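K.L.:
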């Protein structure tokens with residue numbers, strides 16, 4: 001690949017070793033190398049041959065820098081390569097390279113760091129926006145100043161080596177859903193792809209079958225612009241939509257989801273959509289769940305996790321069929337559908353109901369798992385079962401306490417429903433401000449983590465649970481996120 005050596009060449013300039021194999025095809029038999037540079041940019045079979053050779057020439061404490069197309073990290077075409085890597089090596093780190101920066105390559109690339117000896121060390125996953133960032137990640141163990149999120153795991157999944165797969169979202173969602181009865185979409189609905197209609201079969205008049213593309217979903221509503229000539233409609237009988245059908249854009253980055261209403265019919269779905277037709281549950285419940293805040297915390301993120309592709313990502317029918325949906329008793333689902341008709345004392349709104357019943361009861365364990373995924377030791381995470389007092393005061397019992405050995409670094413407060421957050425948050429902060437020995441108070445609603453530095457009167461926000469190193473760094477910097 002044109003100029004693909006530039007990353008490995010720059011790395012070599014910053015690696016202090018005299019025992020480097022620059023080209024895997026030019027190894028000396030029976031010689032072992034401390035550093036091996038490998039480009040696996042061909043077919044799966046060719047890549048496997050190079051990986052096998054890499055294993056053979058690496059010394060006991062050797063490391064290999066393997067440049068691969070990003071598709072190797074997740075595509076089924078490279079499944080054997082991933083299995084070989086996970087089985088035969090210790091993966092030190094994975095870096096996906098942002099294509100907007102690396103203009104020397106026509107396809108997205110990633111760098112995998114492989115060690116010869118298996119160990120109990122966690123594998124880290126991240127992205128890089130410049131060659132200098134790659135060099136910093138490779139040559140230093142201090143990643144606190146890296147501009148992209150870094151995720152750690154001790155359990156690498158052979159099906160996916162993408163950083164986003166290890167960001168804690170999957171574990172968080174599994175923890176939520178495991179507490180409730182769930183069914184896959186395939187168990188409760190019929191799902192099918194839309195179909196392409198040639199241009200010469202379009203041109204019908206209003207009243208004929210409308211032809212729905214992604215652009216016809218505007219603010220969650222269907223706005224028809226093109227129509228299929230009536231004499232051709234029979235060809236697309238499978239794709240004819242019914243009231244209550246849910247349209248989900250395959251290119252989910254567009255976040256286009258809509259429910260087909262009676263006024264939208266007759267209509268035909270294009271290949272831009274996967275159609276979900278509820279069968280075993282009320283169709284309105286499924287749509288309201290998908291569009292509630294809980295649905296966005298769960299279902300929308302499930303869709304993001306099954307997106308495939310590098311330059312253009314999309315979801316496919318096979319993967320979406322396996323997504324889990326929480327199922328309640330019929331009476332509860334009926335209440336959710338008729339939310340606007342309920343007395344406020346019974347059920348204030350759908351968002352609060354699902355937040356409390358689907359997410360709330362597992363919130364503490366979810367947050368703990370997020371901290372563990374960020375690299376915290378479980379012994380440094382205390383729950384409210386371990387009473388923590390602020391000095392001689394009483395009345396404040398945090399959800400979680402974070403420690404560094406015997407030193408308390410932060411207390412964590414979790415609020416899933418944001419209705420009472422401003423009042424409760426201020427009350428808690430007022431208590432904590434009276435006790436200046438506590439460095440940080442952390443508030444989270446599972447979507448973000450706000451770090452309040454008590455002594456500095458400053459707030460820093462993280463998208464996910466900060467690692468211990470990140471927390472210590474924020475404390476040391478006086479509240480500036482480096």
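Numbering (UniProt numbering), first residue to last: 1 to 482. Cβ coordinates follow ideal geometry from the N, Cα and C atoms, glycine included. Since we're looking at a predicted model, the values are computed, not measured.
1) If you reduce the DSSP assignment to three classes, tell me which class residue 230 lands in.
2) Hey, how far is the Cα of residue 272 from the Cα of residue 50?
3) So, helix, strand or coil for residue 147, using DSSP?
4) Just to confirm before moving on: does the CB-CB distance between residue 404 and residue 380 stay below 8 Å?
5) Can you tell me whether DSSP reads residue 8 as helix, strand or coil?
6) For a test of the three-state rule: what should DSSP assign to residue 163, helix, strand or coil?
7) If we count the other Cβ atoms within 10 Å of its Cβ and call it buried at 16 or more, is residue 264 buried or exposed?
8) For residue 459, tell me which candidate among 211, 375, 474, 80 has the shortest Cα-Cα distance.
9) Just how far apart, CA to CA, sit residue 472 and residue 466?
10) Taking just the CA atoms, how far does residue 98 sit from residue 15?
11) Note down, in chain order, each residue of its chain lying with its Cβ closer than 8 Å to the Cβ of residue 80, except the 5 sequence neighbours on either side.
12) Quick test of the definition: if touching needs 3 or more C-beta pairs under 8 Å, does the segment 201-208 touch the segment 227-234?
13) To the nearest angstrom, how far is it from the Cα of residue 412 to the Cα of residue 297?
14) Three or more beta-carbon pairs under 8 Å between the segment 153-166 and the segment 185-202, yes or no?
15) Hey, quick one: how far does the beta strand (DSSP E) through residue 193 stretch, first residue to last?
16) Return the residue from the list 22, 327, 221 that minimises the CA-CA distance to residue 261.
17) Buried or exposed for residue 130, please, with buried defined as at least 16 other CB atoms from any protein chain shown within 10 angstroms of its CB.
18) Would you report the Cα separation of residue 283 and residue 446, rounded to the nearest angstrom?
19) In or out: residue 343 buried (at least 16 other Cβ within 10 Å) or exposed?
20) Per DSSP, residue 85 is paired with what?
21) What are the start and end residues of each continuous alpha helix (DSSP H) run of 4 or more residues lying completely inside the segment 264-333, in chain order?
22) Are there 16 or more other CB atoms within 10 angstroms of the CB of residue 152, so buried, or fewer, so exposed?
23) State the DSSP-derived secondary structure class of residue 433, mapped to helix, strand or coil.
24) Could you tell me which residues DSSP pairs with residue 108 in its beta bridges?
25) From the DSSP output, in three-state form, read off residue 98 for me.
26) Under a three-way DSSP split, which group does residue 1 fall into?
27) List the whole-angstrom C-beta distance separating residue 64 from residue 95, where the pair is believed to meet the contact cut-off of C-beta under 8 Å.
28) Between residue 509 and the rest of its own chain, which residues show a CB-CB distance below 6 Å, the 5 nearest in sequence each way excluded?
29) Out of 76, 34, 77, which one is the CA nearest neighbour of residue 56?
30) Buried or exposed for residue 67, please, with buried defined as at least 16 other CB atoms from any protein chain shown within 10 angstroms of its CB.
31) Name the two residues that bound the continuous alpha helix (DSSP H) containing residue 53.
32) With a threshold of 16 other CB atoms inside 10 Å of the CB of residue 82, please say whether the residue is buried or exposed.
P.N.:
Inspection of the coordinates gives the following:
1) Locating residue 230 in the chain shown gives position 230, counting from the first residue. Three-state DSSP puts residue 230 in a helix.
2) One-based indexing of the chain shown puts residue 272 at position 272. One-based indexing of the chain shown puts residue 50 at position 50. Using only the alpha carbons, I get a separation of about 39 Å.
3) Walking along the chain shown from the start, residue 147 turns up at place 147. If DSSP states are grouped into helix, strand and coil, residue 147 belongs with coil.
4) By 1-based counting over the chain shown, the position of residue 404 is 404. By 1-based counting over the chain shown, the position of residue 380 is 380. Taking 8 Å as the Cβ cut-off, residue 404 and residue 380 qualify as a contacting pair.
5) The residue you call residue 8 lines up with position 8 of the chain shown. Helix.
6) If you number the chain shown from 1, residue 163 lands on position 163. Helix.
7) As a first step, residue 264 must be located in the chain shown, where it is residue number 264. By the neighbour-count rule (16 or more Cβ atoms within 10 Å), residue 264 is buried.
8) As a working mapping, residue 459 is identified with position 459 in the chain shown. Ranking 211, 375, 474, 80 by Cα distance to residue 459 puts 474 first.
9) Position 472 of the chain shown holds residue 472. Position 466 of the chain shown holds residue 466. So the alpha carbons of these two residues sit roughly 10 Å apart.
10) The residue given as residue 15 occupies position 15 in the chain shown. The residue given as residue 98 occupies position 98 in the chain shown. Residue 15 and residue 98: Cα-Cα distance of roughly 23 Å.
11) Along the chain shown, one-based indexing puts residue 80 at 80. Correct list, in chain order: 44, 48.
12) yes
13) As a position in the chain shown, residue 412 is number 412, starting the count at 1. As a position in the chain shown, residue 297 is number 297, starting the count at 1. Residue 412 and residue 297: Cα-Cα distance of roughly 20 Å.
14) no
15) On the chain shown, position 193 is the one that residue 193 refers to. Start and end: 189-193.
16) Translated into positions along the chain shown, residue 261 becomes position 261. Comparing Cα positions, the closest option is 221.
17) By one-based count along the chain shown, residue 130 stands at place 130. Answer is exposed; the Cβ neighbour count stays below 16.
18) Position 283 of the chain shown, counted from the first residue, corresponds to residue 283. Position 446 of the chain shown, counted from the first residue, corresponds to residue 446. Going by the C-alpha atoms only, they are around 28 Å apart.
19) Numbered from its first residue, the chain shown carries residue 343 at position 343. Residue placement at residue 343 is poorly supported in this model, since its pLDDT is 41, which falls under 50; the coordinates are not used for a value here.
20) Counting from one through the chain shown, the residue named residue 85 turns up at place 85. Bridge partners of residue 85: none, in fact.
21) 283-291, 293-305, 317-321
22) Mapped onto the chain shown, residue 152 falls at position 152. So residue 152 counts as buried.
23) Taking the first residue of the chain shown as 1, we reach residue 433 at position 433. Residue 433 falls in the helix class under three-state DSSP.
24) Residue mapping note: residue 108 aligns to position 108 of the chain shown, counting from 1. Paired residue(s): none; residue 108 is not in a bridge.
25) What you label residue 98 is simply residue 98 of the chain shown in a count that begins at 1. The answer is coil: DSSP assigns residue 98 none of H, G, I, E or B.
26) Position 1 of the chain shown holds residue 1. Unreliable positioning characterises residue 1 in this predicted model, as indicated by a pLDDT of 41, which lies under 50. The coordinate reading is nonetheless provided below. Residue state, collapsed to three classes: coil.
27) The count along the chain shown starts at 1 and reaches residue 64 at position 64. The count along the chain shown starts at 1 and reaches residue 95 at position 95. Contact flag wrong, Cβ pair sits at about 14 Å.
28) Since the first residue shown for the chain is 1 and the last is 482, residue 509 is missing from the structure and cannot be characterised.
29) Position 56 of the chain shown holds residue 56. Out of 76, 34, 77, 34 has the C-alpha closest to the C-alpha of residue 56.
30) Within the chain shown, the letter at position 67 stands for residue 67. Result: buried.
31) Within the chain shown, the letter at position 53 stands for residue 53. Where residue 53 is concerned, the enclosing alpha helix (DSSP H) stretches over 44-57.
32) What you label residue 82 is simply residue 82 of the chain shown in a count that begins at 1. Answer is buried; the Cβ neighbour count reaches 16.
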